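> When the letters of the sequence shown are read in order and numbered with my numbering, they come out as residues 2 to 95.
Let me give you the structure first, and then I'll get to my questions.
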Amino acid sequence: MAEIRPYRSTPVFDQDRLPRALRARHDTKPGVWGLIRVITGQLKLTLLDAAGAPVAELILTPASPGRIAPQQPHFVTPIGPMQMQIDFYDQPPP
């Protein structure tokens, strides 16, 4: 069985260079899964329903990444100093 690998990854962002677009409501495209990997520190991931209401808040750490399903509205908020990167997949990430 072939190993599941991302087809694209973002640059590494820190709390100062995290794009505004990621801090505001957004979602992945149809058929695109995201895996948010925290390299250092912590990051809050807020998952939203279709109307934009929060349905879950998760604290992501290096040991606890965040998985984003296709078209799942969400945004992230840094919790102090941190570094993170997002990997994109065309199937559910490992």
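Where a beta carbon is used, it is the ideal one built from N, C-alpha and C, also for glycine.
Because the structure is a prediction, the values reported are computed rather than measured.
Determine, using beta-carbon pairs with one atom in the segment 32–47 and one in the segment 56–71, whether at least three such pairs fall under 8 Å.
Touching, per the Cβ criterion.
> Apart from the five residues just before and just after Ile5, which ones in its own chain have a Cβ nearer than 7 Å to its Cβ?
As a working note, residue 5 is residue 4 in the sequence shown. For Ile5, where only same-chain residues beyond five positions count, the Cβ hits under 7 Å are Tyr90, Gln92, Pro94 and Pro95.
> Among Gly67, Arg26, Gln73 and Ala3, which one has its Cα closest to the Cα of Met85?
Within the sequence shown, residue 85 is the residue found at index 84, counting from 1. Minimum Cα distance to Met85 is reached at Gly67.
> Where DSSP assigns a beta bridge to Val39, which residues make up the other side?
Your numbering for residue 39 matches position 38 in the sequence shown. According to DSSP, which records beta bridges pairwise, Val39 is partnered with Met85.
> What ranges does the beta strand (DSSP E) occupy inside the segment 40–77, keeping only unbroken runs of at least 3 residues that lie completely in it?
The segment 40–77 contains these whole beta strand (DSSP E) runs: 55–61 and 67–69.
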